[in-house]
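These notes concern the structure reproduced below.
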Amino acid sequence: MQPSKSLRSALIIVFCLLSFGISAQTLTTLSGQIKNDLGEAIPGASIAIKKTNRGTTSNSDGYFSIPDLMPGNYTVEVSAVSFKKTSETITLKAGQASTLNISLKENQTDLSEVQVYGKTEVQEVKEQAFTVNAIETKQFANTTADLNQVLNRSAGVRIREQGGLGSNFNFSINGLSGKAVKYFIDGVPMEILGSSMSLNNIPVNLAERVEVYKGVVPVQLGSDAMGGAVNVITSQKQTNYVDISHSYGSFNTHRSAFTGQYVHKPTGITVKGTAFFNYSDNNYKMKGVEILEGGKRNGNQITDLSGASFVTTDTRRFHDTFRSSMAQLEVGVSNKKWADVLYAGLGYTEGDQDLQTGFEQTIVYGNVNRKSNALSGMLRYKKNNLFVQGLDLSLFASMSKDKFVTADTLLRQYYWDGSWTAKAASEMGSIKTLSNIIRPRTFTRANLSYTLNEKHSFNINYIIDHLKNESFNELLTPSDDMPGIMNKQILGISYQQQFFEEKLVNTFFAKYYGLALERKKYVDQSYQVIDSRYNNYGYGIASRYKLLPDLGIKISLEHAYRLQEVEEVFGDGLNVQPNPDLKPESSDNVNLGAYYGLRFDKHKFFLEASGFYRDAKDFIYPVPDQRSKALKNENKSSVQVTGFEAELRYDYSDLIAFNINATYQNAVNMTKFGNTTSTTYEATYKNKIPNQPWMFGNANLSIGKNNVFGKDTRLQFNWFTQYVHWFYLTWEAFGNANGKSTIPTQVIHNASLSYSFKNGRYNISGECRNLTDDLAFDNFRLQKPGRSFSVKLRYFLK
133 MQPSKSLRSA
143 LIIVFCLLSF
153 GISAQTLTTL
163 SGQIKNDLGE
173 AIPGASIAIK
183 KTNRGTTSNS
193 DGYFSIPDLM
203 PGNYTVEVSA
213 VSFKKTSETI
223 TLKAGQASTL
233 NISLKENQTD
243 LSEVQVYGKT
253 EVQEVKEQAF
263 TVNAIETKQF
273 ANTTADLNQV
283 LNRSAGVRIR
293 EQGGLGSNFN
303 FSINGLSGKA
313 VKYFIDGVPM
323 EILGSSMSLN
333 NIPVNLAERV
343 EVYKGVVPVQ
353 LGSDAMGGAV
363 NVITSQKQTN
373 YVDISHSYGS
383 FNTHRSAFTG
393 QYVHKPTGIT
403 VKGTAFFNYS
413 DNNYKMKGVE
423 ILEGGKRNGN
433 QITDLSGASF
443 VTTDTRRFHD
453 TFRSSMAQLE
463 VGVSNKKWAD
473 VLYAGLGYTE
483 GDQDLQTGFE
493 QTIVYGNVNR
503 KSNALSGMLR
513 YKKNNLFVQG
523 LDLSLFASMS
533 KDKFVTADTL
543 LRQYYWDGSW
553 TAKAASEMGS
563 IKTLSNIIRP
573 RTFTRANLSY
583 TLNEKHSFNI
593 NYIIDHLKNE
603 SFNELLTPSD
613 DMPGIMNKQI
623 LGISYQQQFF
633 EEKLVNTFFA
643 KYYGLALERK
653 KYVDQSYQVI
663 DSRYNNYGYG
673 IASRYKLLPD
683 LGIKISLEHA
693 YRLQEVEEVF
703 GDGLNVQPNP
713 DLKPESSDNV
723 NLGAYYGLRF
733 DKHKFFLEAS
743 GFYRDAKDFI
753 YPVPDQRSKA
763 LKNENKSSVQ
773 VTGFEAELRY
783 DYSDLIAFNI
793 NATYQNAVNM
803 TKFGNTTSTT
813 YEATYKNKIP
823 NQPWMFGNAN
833 LSIGKNNVFG
843 KDTRLQFNWF
853 TQYVHWFYLT
863 WEAFGNANGK
873 STIPTQVIHN
883 ASLSYSFKNG
893 RYNISGECRN
903 LTDDLAFDNF
913 RLQKPGRSFS
923 VKLRYFLK
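Count the sequence shown with the numbering used here and you get residues 133 to 930, in order.
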C-alpha cells in the first residue's frame, strides 16, 4: 500500500528537519556503580550533577549511566536513604566514556526518619502517566520460569495456556485479549523475529525487565495495540557479561539459555549473542478422560467396535513432544560521534511440535505434527542529539521469512489411551494434508523525538509492515497461485508537557492506522482476489499529577483501533480457520489510577490501584466450530469491559519481599441485535464473554539471606500462589443451570529454593509447581500439567 498524501507530506517534513541540522557536538557518557562499605550494590541511589539539571538513579545492581554530557569538570553528588551523602569531582573528556564508582557509608543517625529516596528504573516506569506495570526479572533469574509465567503474576494480566511447555496461549490485559495485546522486544514487534519468539518460549534470563502497558500504549511503540502491550527490555549496558543456564524437570523437560556480550572499549565494537533451547515430552497425566474399552484390537488399532464402550480413567499424554530453539547474533559499534548505536543482526528460530488435542479436550490427535522455522536479518541505528541538542533518532529495519508445515496424513480417530479406529477423513477432519504456510515480511520503524526544553517535548513514530501469505496443501499443489498480501502503516504523533516542577505531566497523542488487504475468497463457486482498504484515526491523552513526591494520581483516555492480524484473516493452518471478512476493531479506553510509596528505615511499601473501562466495537473473538473442529475469528458488534485492580508490595531490606494483587473484570456482550433487520434481542445480550476469567489474584513471598554459608553467598526461598474464580466456558444464556459448562475455581501453589555463591556467579535452584497436584484448567477447559519438579544451574559472569 502506498503512503497517503498526508503521510508523504509528514515524512518530507521529518527528513527536511534532518537535512538542515547543524553538525553534531562531541558528547560523552558518565557511568558507574554505587555500593556500600561491604561492596554490596545500592539500588535507587540518586546521582545528580551539580549546577545542571542532569541526574539519574542506580538500578537494582547499583549501576547508573548519564549520557550526552558536554566535556568539562563536574561535581557529582550521590545520596541514598540510610547513607551519608557524598560528592566527587570528575573531568569528562570529549568522545571518551568515563566511569565513576562510589562507595557510600551508612548513616546510623537517620534510620528511623521517613525520607525522600532515589527511584529505580522500575519505579520511574510505574509513575508514568500511562497505566503500566514494570517487572524486574532479576528476582526470577534463578527459576525455570519463562516470561509468560512471570507476567501471569501481575495485576490485571491473565495468561491461559492450552497445555504444557510450548502450548498455545491467550494473553489478556484488563479483559481484552488475543491479538488486541501486542508483544515487543526493546520496542520491536516480537513476531517479526520468528514464530518461536513468544512469551512462553523466552527464558526469563534474556530480559532485564518487562513493561506491561494496560489499555493506552505510548506512541513510541508504534502499535495498534487496543488492549495493551508487553515490552521486553533486554540489557543495554555497554559491559562484558555471560549468562548461561540449563534446567531439567518433570516430563523430560529441558530448558537452556545463553546471553552474552563483548565490548571492545577502545573501538566501541560490540558483539552480542542470544540463544535458547526448549524441549519437553509433555507426557503429564490426564485426569478423568474418556477412553474406549473393549472391542477387537490389532495392536493399538480397534478393528471392531462391537462390545466397546467409553470409560473414564487417568492416562498420560502420548503425542505432545515440543522443541523450540533460537539463536541471534548482533555486531556493531556504539558511542561514536555519528552513532550511539549501530548494529546489524541475524536471527534464526526453529520449532517442532506434536499436536495432542484440538481446541477442546475431546478432540484427540495421535500423529498431527507442525514444524516451523524463520530466518531474519535486522539493522538498528540510534543517535541522540542528532544535529541539535535534544533531537534523537531511532531506526529499525528487518526482513524475515516464516515457514510452517503441518502434517495431517492419517485417516484415523485417536483416543486418550493411544488406541485408534479407521475413518474416512484425516485426524483433523479433512483430506490428507501437508499444509504449508510461507510468510515473507519486511518491517521498518522510524522514531524521531525532540526535547524543546524541560517542559515540552515531541515524538513522531512511523512503521511500515508488509507481509505476504502463501498457503497451500503440498499433496495437491506445489505453491499458492493466489497469495494474500497485508500492508500496514501506523503513524503516531505525541506532545508531552511538564509543569509545576514535573508534578503535572500531560501527553497528547494522535495515530493513523492504515491497512490494505488482498486475499482470496470463495465467490460464485470460484476463488477471487478481494482488495480492501481501511483508514482509521485514533487519539488520546495521558496525565499524571504528583500530590506528594511518592503519591500520584493518573488518568489516560484513548480512542484506538486494532487492525486484523495475519492468522485471523489467513488462518494458521492448524486450529484457526481463515476469515477474509473480518473488520478492524475499535475501542474507547479509560484508565483512572493512583499510587503511593512509603519508605522508612529498611521498610518499603508501594500501593497502586486503578479502574478501567473499555467500550469495544467490532470486537474480534474466536468462535469454536464443532463441524470443522477448529476456531474462527468473528466480529462482535459491541463488548463492554469494566473492572478494577489493586496491588500492594512490601520489602524489608534484601531479606523479605511480599506482594499481593487482585483483579475484577466484567466483559459483557452489549450487542442487542444479531443483524440490522432483527427486532429481537440476542440471547447472549448482557452475558459475560465466555471462556474468560473475571476475578483472579496472586500472592508472592520471597525470603532471602546473604552470607548464610559464607561470604558472597545468598539463600532464597520463593512462594507463589494464584487464585482464579470459576467462570463460564460457554455463553451463560445457553443450557440449564445444572448443565452449563464452567471452568471451576482454582488455587495453585508453587515454591522454589535457590542458592548463589561467588557473588551470584554460580547459582543452583530447585522448584515445584502445582505443589498440591490440583486439577488445573485454563483455555477451553484444557488440562494443564499437575505437580512437577525441576532443577536449574546458572552461571553468570560480568
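Every residue gets a Cβ at the ideal spot worked out from N, C-alpha and C, and that includes glycine. Note that the coordinates shown come from a computational prediction; the quantities given were computed from them, not determined experimentally.
Reduced DSSP secondary structure (H/G/I, E/B, other) of residue i
i      : result
Ser155 : Any reading at Ser155 must be qualified, since the residue scores a pLDDT of 33, below 50, and its modelled position is unreliable; the value itself is stated next. If DSSP states are grouped into helix, strand and coil, Ser155 belongs with coil.
Leu823 : One detail in the question is off: residue 823 reads as Asn in this sequence, not Leu. If DSSP states are grouped into helix, strand and coil, Asn823 belongs with coil.
Gln493 : coil
Glu586 : coil
Val800 : strand
Phe899 : It is worth fixing the name first, because residue 899 is Glu in this sequence and not Phe. Of the three classes helix, strand and coil, the one that applies to Glu899 here is strand, per DSSP.
Ser244 : Confidence is the limiting factor: at Ser244 the pLDDT is only 34, short of 50, which leaves the residue's position unreliable and the question unanswerable from this model.
Arg931 : This structure gives no information on residue 931, because the portion of the chain shown stretches from 133 to 930.
Val421 : strand
Glu238 : strand
Glu256 : helix
Contact test: residue i Cβ vs the ligand MG heavy atom, cutoff 7 angstroms
i      : result
Phe776 : The model depicted lacks the ligand MG and carries no ligand whatsoever.
Residue i: first and last residue of the uninterrupted beta strand (DSSP E) it sits in
i      : result
Leu523 : Leu523 to Asp540
Glu209 : Gly204 to Ser211
Phe702 : Run containing Phe702: none in the beta strand (DSSP E); it sits in the alpha helix (DSSP H), Val698 to Phe702.
Asn579 : Thr565 to Thr583
Val79  : In the structure displayed, the chain extends from 133 to 930; residue 79 sits before or after that span and is not available.
Leu780 : Ala762 to Tyr784
Val923 : Ser920 to Leu929
Trp552 : Trp552 to Ala554
Gly842 : Gly842 -> no beta strand (DSSP E), and no H or E assigned at all.
Phe390 : Thr385 to His396
Leu507 : Asn501 to Lys515
Ser412 : Ile401 to Ser412
Phe196 : Tyr195 to Leu201
Leu487 : Looking at the DSSP string, Leu487 is not in any beta strand (DSSP E), and its letter there is neither H nor E.
Expected contact under 8 angstroms - CB spacing of residue i and residue j to nearest Å
i      : j      : result
Gln370 : Ser466 : 6 angstroms
Ala361 : Val349 : 5 angstroms
Thr874 : His857 : The pair is not a contact, with the Cβ atoms about 11 angstroms apart (cut-off 8 angstroms).
Gly918 : Lys417 : 6 angstroms
Asn765 : Pro754 : 5 angstroms
Ala407 : Leu424 : Going by Cβ atoms, the distance from Ala407 to Leu424 rounds to 44 angstroms, so no, they are not a contact pair.
Phe536 : Ile569 : 4 angstroms
Asn819 : Trp851 : Between Trp851 and Asn819 the Cβ distance is about 37 angstroms, and since that is not below 8 angstroms, they are no contact.
Gly483 : Arg449 : At roughly 18 angstroms, the Cβ-Cβ gap does not stay under 8 angstroms, so Gly483 and Arg449 are not in contact.
Exposure label - residue i; buried when at least 16 CB within 10 Å
i      : result
Leu997 : The chain is shown only over 133 to 930; residue 997 falls outside these bounds and no answer can be derived.
Ala177 : buried
Gly420 : exposed
Asp949 : The chain is shown from 133 up to 930; residue 949 falls before or after that span and cannot be answered.
Gln368 : exposed
Asp704 : buried
Ala815 : exposed
Gln660 : exposed
Tyr719 : Per the sequence presented here, residue 719 reads as Ser, with Tyr not at that position. The residue in question, Ser719, is buried, as its Cβ has 16 or more Cβ neighbours within 10 Å.
Ser658 : exposed
Ala339 : buried
Thr795 : buried
Ala908 : buried
Tyr784 : exposed
Phe632 : exposed
Pro681 : exposed
Val879 : exposed
Glu586 : exposed
Gly295 : buried
Glu690 : buried
For residue i, the first and last residue of its enclosing alpha helix (DSSP H)
i      : result
Val856 : Careful: Val856 lies outside any alpha helix (DSSP H), inside the beta strand (DSSP E) at Arg846 to Val856.
3 or more residues per run - each beta strand (DSSP E) lying fully within the stretch 296 to 383: 301 to 305, 313 to 317, 341 to 346, 360 to 365 and 373 to 381
Any alpha helix (DSSP H) of 4 or more consecutive residues that is wholly inside the stretch 693 to 760: 698 to 702
Continuous alpha helix (DSSP H) assignments of at least 4 residues falling wholly in the stretch 589 to 634: none
Complete beta strand (DSSP E) runs within the stretch 424 to 465 (minimum length 3 residues, chain order): 428 to 430, 433 to 436 and 441 to 448
Those runs of the beta strand (DSSP E) which lie wholly inside the stretch 262 to 290 and span at least 3 residues: 264 to 268
Any alpha helix (DSSP H) of 4 or more consecutive residues that is wholly inside the stretch 657 to 689: none
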